[in-house]
Structures are given as structure tokens and as C-alpha cells.
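Undergrad: Line by line, the protein sequences give chains A and B. Every letter in the first sequence is one number past the one before it in my numbering, and letter 257, counting from 1, is 257. Every letter in the second sequence is one number past the one before it in my numbering, and letter 5, counting from 1, is 5. Take this structure, written in C-alpha cells, and hold onto it; I'll ask about it next.
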Amino acid sequence: MSKWIQLAILAALIVILPFFFPSGYYYRIGALVFVNGIAVLGLVILIGFAGQISLGHAGFAGIGAYACALAPEQFGLHPAFALLLGAALSAGIAALIGRPILRLKGYYLAVATLGFGILVAMTIQNERALTGGPDGMAVEELGLRDLLRDLGWRVSGGEFWYGVCGIALLIGAWIALNLRDSPTGRAMRALHGSEIASRTLGIDVARQKLVAFVISAVFASVSGSLLALQNRYITPDVAGFMHSIELVTMAVLGGAGSVMGGIFGAAILTLLPQVLTVLADYEQVVLGAIMVTVMIFMPQGLLPSIARRLRRTRK
Amino acid sequence: MDAFLQFVFSGLTVGAVYALVALGFTLIYNASDVVNFAQGEFVMLGGMITWFAHDAGLPLAAAALIAIALTSLVGVALNKLAIEPARGAPVISIIIITIGASILIQGAAQLIFDKQIHRYPAFSGDAPIEVMGATILPQSIWVILGALAVFVALWLFFTRTLMGKAVLATANNRLAAQLVGINTGGIMTLSFALSAAIGALAGVLVTPITLVSYDVGVALALKGFAGAMLGGMGNPKGALVGGLVLGLLEALTAGYLSSQYKDAVAFIVILGVLFVMPQGLFGKTAAERV
Chain A
1 MSKWIQLAIL AALIVILPFF FPSGYYYRIG ALVFVNGIAV LGLVILIGFA
51 GQISLGHAGF AGIGAYACAL APEQFGLHPA FALLLGAALS AGIAALIGRP
101 ILRLKGYYLA VATLGFGILV AMTIQNERAL TGGPDGMAVE ELGLRDLLRD
151 LGWRVSGGEF WYGVCGIALL IGAWIALNLR DSPTGRAMRA LHGSEIASRT
201 LGIDVARQKL VAFVISAVFA SVSGSLLALQ NRYITPDVAG FMHSIELVTM
251 AVLGGAGSVM GGIFGAAILT LLPQVLTVLA DYEQVVLGAI MVTVMIFMPQ
301 GLLPSIARRL RRTRK
Chain B
1 MDAFLQFVFS GLTVGAVYAL VALGFTLIYN ASDVVNFAQG EFVMLGGMIT
51 WFAHDAGLPL AAAALIAIAL TSLVGVALNK LAIEPARGAP VISIIIITIG
101 ASILIQGAAQ LIFDKQIHRY PAFSGDAPIE VMGATILPQS IWVILGALAV
151 FVALWLFFTR TLMGKAVLAT ANNRLAAQLV GINTGGIMTL SFALSAAIGA
201 LAGVLVTPIT LVSYDVGVAL ALKGFAGAML GGMGNPKGAL VGGLVLGLLE
251 ALTAGYLSSQ YKDAVAFIVI LGVLFVMPQG LFGKTAAERV
């Protein structure tokens, strides 16, 4: 499917879905899907394109989230600039640790990124004076909604963040789709196929891996910032190990190789807990079983597997 | 000096548990190239089932044996239902499968048992033993001896028995092992059963000290994984040393620097080691096949 058709479908879904929302609460869930989707797009680039593993990307989400919480409070920075600051900080840290970390492969890369994520989460948790520790801290209002109201456009908080995050997701998807077929994206996908072969072809493997790592860190950071700004409150869970796992699972479950697959995975895994609350105590068992079965029977992820099945029946 | 010795004792106790988890990791990794993130759940099951059976009126020893046997069955089921069907899947899929299994086992434990924190009495009482000005719990000695015994038993198994050599052969080259008549499927089953039993034993031994609840597994799996990596993945000696070093580092950091950041130091050391020696302390450098 061409890039523009995919983007058009995504945009249409974002616009049309609210007409079916029974209550304002669904705007919040929609916005949460988009926020997770942004972080997952980063992982699609890192895991799906470049074939590198990260079990610590929530660490970057934590940096983005706490940049939006701390920078306005400490330096009086506007939250919108705090988001950019967080993204720049995440990119810088990713570039710094990326070089030594990305020399590692497979499980060794997994444990190194995991260690990074845990270190960030632990710092946030332990610096109580600054971050409020495990209790979390309040985040300043973005202020854009007041601006819209002054212009005579009244929107509820839910609708506003649904729109903002939806637009951010569209931009993210546009970037990821463009990257996919750019020389950089092709080099990433080549090294995913075979590192040695792509090195033989003259691709700077270490550099391409680093580029993928830095881009994915920025996506995760922006996702964390939007989450903080939207909830007006943030806890260290955003940087925690389980959040890292959630993000990776979304990417791989939906189909890490494809941009739309990643977003689909984010939607499924964000909605699933909402549905599973009906099951109360059985929630964890069902979630675990779904993760195992999908990975066994659809190793390419949900969306690519479904698409292939549809194509086959059409023939 | 007394304080130092005290930290060493507590470090060795925690380290012995990490070492047991790491040894379990190593067994499964060698047989199947899988890092089993559900390894910590075996420890949880060991403690939980022992408590449950003991609470139901069984003597502690019998309860512990039942726990180890049942956990082995869970290990075998994990292999048959989740790992074998996904043979050849990429590393990232395997990670998600075993984490999914870990969430599933936790959920099941929460349903079958409960969400409370439990403990049962220590094996040889709670009176601390004094050693050169420091004290050590008798149960700590059980844990440390348990880890050493498992290590020695594994070493004898791998070097002295035909079965153990068959496991090593499978780890080395599955196809070649199959060609000389080794039942590699059976070896996988055996490795998962053994690994789960070792995890359960760790749970049985340490619960009187650290207590048990349905959610203790994840943290243990991460530490055990880190310990195994520190020593070099797939090497039993590395797993033992890596686990013990990790425990000691944590205890010394908690004692001399900051108890809040004790977990951080472990990961900083691992990052440092991996940067300098990407294969861990005892790992072999592997060349990529083209």
C-alpha cells in the first residue's frame, strides 16, 4: 500500500472514530492509544527496520515525561519547550550510550538496554526532593486550550488531547513511512537482513544502528511528554520495566516490520486491559495467554498475518 | 571489619539465590538458546507451593519436595506449550513469549493461591550464629550451601554422566547431536525440568528469609539474568560467580554507599562489563557464521 493511502486511512480513522464514541471517556482512551502509538513507531524503526532490541525505551519516555514536569517548575520553561528539551535530552543520551550498547547483539543488547531503563526509573524514584519519588508529581497545563478558547473555539480536555495526540501520531507515522523508503531506512533494513552483507556493501552499520536508536529515543520521549501533559500528573511507572515491555509487545504483537502494524498493536494492547477489567482476577492470565499464542501462531505480528490471510483468500 | 563481614554474609545469601536463578537460565539457554524470562516464576512457585502445602498440614520437607516436583512439571509444560512451538523464532519473539508466560504464571498463582505475603519457619531455627563478630542466620547457610550443592551436582552431571554430555552435545550443535542418536527433544524436556527444579529449590530455601508472594518473580528473573550475563551466558561457572558477585556488590553498596541505589550499582557494573567485555567475564567469543 502506498504511503499516502496508509496515512489517509489513519487520518480518516482518527477523524471518524469520535462519531461512534458513546461518552467523553473514550476520547481519553483514544488519546492514550495515540500516545502509546508514537512510542511504538519509534520501536518499529528500531526493531522492525534496524533489527535491534531495546528493553529500556520506557527510560526515554520517562526522560520526556519528567522534562515536561520539571523544566517548567524549575526553570520556568513553557511546557511546549520542555517537550522539545526532553526530546533533545533523550536524543543526546541515546547518542552517548548508543555507541557502546549497540555493539552488543541479541540477549546482551537486551540486558544492556534493560539496565539503562532500570537506571532511569531508579533515579526518578529515588530523587524524591526533585521528582516526588514513587508518588509522582504534578505537571503544568500546556495552556494551548485557553488560547483556542480565546479564539472562540471551545473544546473539552478529552477532545483537545485526542486531537493533539492524533495529529502527533500522524506526523510520527509520516516520518516513519518516509524513513522506511529513504536511503537511511533501506540501509537499516539491509543491516537487519545481514550485518556482514550490508557492511560489505559499504553501509556504515554502527552509524545506521545509532541513527535508528536516536530516532526511536526521540519518539519515546515525545510520547512520554504528551502523556505527562495530558494527565497533568506523572509517576515513575512511565519509565518502569513493565512499560518498556508493554511498548515492545505492542510493536511486535501488531507487526514490528510495518508502521500500521505497530499502531494496530498499540491500539489492541491499550484497549485490551479496558476490556479485560470485566474478567477481574483473570485479567493477567488472559493477557499472558494472548501474548504467548499470538507470538507462536503469528510470529510476524497481527496485522501482517491478517493482511496475508486476506490476500490469500482473495486469490 | 565486623560490619564488612556482615555485609558479605548478606551479600552471599542474596547472591546464592541470584546464582541459582542464573544457573537455571544457563541450563535452558544451553539446551535451547532461549533466555527464559519466566525463570523468576519458578522461584515464586517453589516458595508459594511449599507455603500452601505446609499450611495444609504437610511436614515442611514433604511440602518442599512437592513444590519442586510440581514446579518441574510447570517447566516441562512451558517448554512443550510455548518454547517448542516457537522454535527458530527471533530473539525478540522469544523474549515476549517468555514474558507472556511469566505474566500468565503470576496470574494463575494469584488465582490458585492468593495475593498475600507468606512465610514458613526456617529449617533450623531463627537463632543467629555468631562468626567473628558478625552474625549469620542458619537459613542463610542453607541457601549458600544449596547453591554450592546445585553447582557441584550440575558439574558432576555435565562431566561424569552420559546424559550430561548429551545435553552439552545438544547445546553445541543440535543437528549433529541428533545425527549421533541423541534424543534432543528429550534433552530439552530434561533441561526445562531441571531448571525449574533449581528455581523452585531457590524459592524453597530463601522464603523463610525474604518471604514470598505471587509477584516476587520478575525482580529475581532480572537479577538472575544480569548475573548470568555478568558471568557470560551459557557458562555454569559464570552463572555461579556472576550471581554471587552481583549479590556481594548489592550488599556492599547498600552498606557503604546508599541502600536506595543498591540495585543501580548492579546494572552499572553490568553495563561496564559488557562495554569492555561484550561476552561477559567467562564467555567465549563467538564468531558470526556467514
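Positions of the beta carbon are idealized from the N, C-alpha and C atoms, including for glycine.
If you measure from the beta carbon of residue 231(B) to each beta carbon in chain A, is any gap under 8 Å?
TA: Within the second sequence, the letter at position 231 stands for residue 231(B). Cβ-Cβ to chain A under 8 Å: no for residue 231(B).
Undergrad: Helix, strand or coil for residue 182(B)? Go by DSSP, reduced to three states.
TA: Taking the first residue of the second sequence as position 1, residue 182(B) is located at position 182. Residue state, collapsed to three classes: coil.
Undergrad: Taking only runs of the beta strand (DSSP E) that begin and end inside the segment 69-143 of chain A, which ones reach a length of at least 3 residues, in chain order?
TA: With a minimum length of 3 residues, no continuous beta strand (DSSP E) run stays inside the segment 69-143 of chain A.
Undergrad: Closer than 7 Å between beta carbons: that is the criterion. Which residues of the segment 70-92 of chain B meet it against chain A?
TA: Against chain A - using a Cβ distance shorter than 7 Å - the residues of the segment 70-92 of chain B are 82, 85, 86, 89, 91 and 92.
Undergrad: Straight-line CA distance for residue 350(B) to residue 76(A)?
TA: The structure shown does not extend to residue 350(B), since chain B is modelled only from 1 through 290, so no value can be given for it.
Undergrad: Closer than 8 Å by beta-carbon distance: list the chain D residues that pair up with residue 99(B), in chain order.
TA: Protein chains in the displayed structure are A and B, and chain D is not among them.
Undergrad: With distances taken from CA atoms, which of 137(B), 144(B), 215(B) and 146(B) is nearest residue 126(B)?
TA: Here the question's residue 126(B) lines up with position 126 in the second sequence. Comparing Cα-Cα distances from residue 126(B) to each of 137(B), 144(B), 215(B) and 146(B), the minimum goes to 137(B).
Undergrad: Could one say the Cβ of residue 104(A) lies closer than 8 Å to chain B's Cβ atoms, at least one of them?
TA: Walking along the first sequence from the start, residue 104(A) turns up at place 104. Yes, its Cβ sits closer than 8 Å to a Cβ of chain B.
Undergrad: Counting contacts by CB-CB distance shorter than 8 Å, is residue 116(B) in contact with chain A?
TA: Position 116 of the second sequence, counted from the first residue, corresponds to residue 116(B). Not one chain A Cβ lies under 8 Å of residue 116(B).
Undergrad: Below 8 Å on the Cβ atoms is my guess for residue 74(B) versus residue 27(B); work out the distance and round it to an integer in Å.
TA: If you number the second sequence from 1, residue 74(B) lands on position 74. If you number the second sequence from 1, residue 27(B) lands on position 27. That belief does not hold up - the Cβ atoms of residue 74(B) and residue 27(B) are roughly 15 Å apart, past 8 Å.
Undergrad: Would you list, in sequence order, the uninterrupted alpha helix (DSSP H) runs of no fewer than 4 residues that lie entirely inside the segment 52-108 of chain B?
TA: For the segment 52-108 of chain B, whole alpha helix (DSSP H) runs of length 4 or above, ordered along the chain, are 60-78.
Undergrad: Using the Cβ count rule (16 or more neighbours within 10 Å means buried), how would you classify residue 161(A)?
TA: The count along the first sequence starts at 1 and reaches residue 161(A) at position 161. Counting Cβ neighbours within 10 Å, residue 161(A) comes out buried, since at least 16 surround it.
Undergrad: Return the CA-CA distance between residue 43(B) and residue 182(A), expressed in angstroms with no decimal places.
TA: Taking the second sequence and counting its residues from 1, the one referred to as residue 43(B) is at position 43. Taking the first sequence and counting its residues from 1, the one referred to as residue 182(A) is at position 182. Rounded to the nearest angstrom, the two C-alpha atoms are 48 Å apart.
Undergrad: Do residue 292(A) and residue 97(B) have their C-beta atoms closer together than 8 Å?
TA: Sequence index remark: in the first sequence, residue 292(A) carries index 292 (1-based). Sequence index remark: in the second sequence, residue 97(B) carries index 97 (1-based). For residue 292(A) and residue 97(B), yes; Cβs fall inside 8 Å.
Undergrad: Run down chain B in chain order and give the residues with a C-beta less than 7 Å from the C-beta of residue 53(A).
TA: Taking the first sequence and counting its residues from 1, one reaches residue 53(A) at position 53. Under the 7 Å cutoff, chain B gives 91 and 92.
Undergrad: Looking at the C-beta of residue 111(A), does it have a partner C-beta in chain B at a distance below 8 Å?
TA: The residue given as residue 111(A) occupies position 111 in the first sequence. Yes, residue 111(A) counts as interfacial toward chain B.
Undergrad: Nearest CA to the CA of residue 40(B): which residue from 236(B), 226(B) and 254(B)?
TA: Along the second sequence, one-based indexing puts residue 40(B) at 40. Out of 236(B), 226(B) and 254(B), 226(B) has the C-alpha closest to the C-alpha of residue 40(B).
Undergrad: Judging by CA-CA distance, which residue of 20(B), 32(B), 206(B) and 256(B) is the nearest neighbour of residue 189(B)?
TA: For the purposes of this step, residue 189(B) is taken as the residue at position 189 of the second sequence. The shortest Cα separation from residue 189(B) among 20(B), 32(B), 206(B) and 256(B) belongs to 32(B).
Undergrad: Starting from residue 131(B), trace the beta strand (DSSP E) both ways and give me its first and last residue.
TA: Residue mapping note: residue 131(B) aligns to position 131 of the second sequence, counting from 1. Its beta strand (DSSP E) spans residues 129-131.
Undergrad: Does the segment 30-45 of chain A come close enough to the segment 157-175 of chain A that 3 or more CB-CB pairs lie under 8 Å?
TA: At 8 Å Cβ cutoff, the stretches touch.
Undergrad: My understanding is that residue 177(B) touches residue 184(B), with C-beta atoms under 8 Å, so please give their C-beta distance in whole angstroms.
TA: Locating residue 177(B) in the second sequence gives position 177, where the first residue counts as 1. Locating residue 184(B) in the second sequence gives position 184, where the first residue counts as 1. So it is a contact: roughly 6 Å between Cβ atoms.
Undergrad: Once DSSP output is grouped into helix, strand and coil, what is the label at residue 66(A)?
TA: Against the first sequence, residue 66(A) aligns to sequence position 66. Reduced to three states, the DSSP call for residue 66(A) is helix.
Undergrad: Buried or exposed for residue 45(A), going by 16 or more other Cβ atoms inside 10 Å?
TA: The residue you call residue 45(A) lines up with position 45 of the first sequence. The residue is buried, with at least 16 neighbouring Cβ atoms inside 10 Å.
Undergrad: Use the C-beta contact count for residue 152(B): other C-beta atoms within 10 angstroms, 16 or more gives buried, fewer gives exposed.
TA: As a first step, residue 152(B) is located in the second sequence; it is residue number 152 there, counting from the start. Exposed, since its Cβ has fewer than 16 Cβ neighbours within 10 Å.
Undergrad: Do residue 9(B) and residue 134(B) count as a contact pair if the criterion is CB distance below 8 Å?
TA: What you label residue 134(B) is simply residue 134 of the second sequence in a count that begins at 1. What you label residue 9(B) is simply residue 9 of the second sequence in a count that begins at 1. Yes, the pair counts as a contact, with Cβ atoms nearer than the cut-off.
Undergrad: Skipping 5 residues on each side, what residues in its chain have a beta carbon closer than 7 Å to that of residue 49(A)?
TA: In the first sequence, residue 49(A) corresponds to position 49, counting from 1. 180, 185, 188, 189, 192 and 212, listed in sequence order.
Undergrad: Taking the continuous beta strand (DSSP E) assigned at residue 280(A), which residues delimit it?
TA: The residue you call residue 280(A) lines up with position 280 of the first sequence. Per DSSP, residue 280(A) belongs to no beta strand (DSSP E) and is neither H nor E.
Undergrad: How would you list, in chain order, the residues of chain A whose beta-carbon sits under 8 Å from the beta-carbon of residue 35(B)?
TA: For the purposes of this step, residue 35(B) is identified with residue 35 of the second sequence, where counting begins at 1. Those within 8 Å of residue 35(B) in chain A are 107 and 110.
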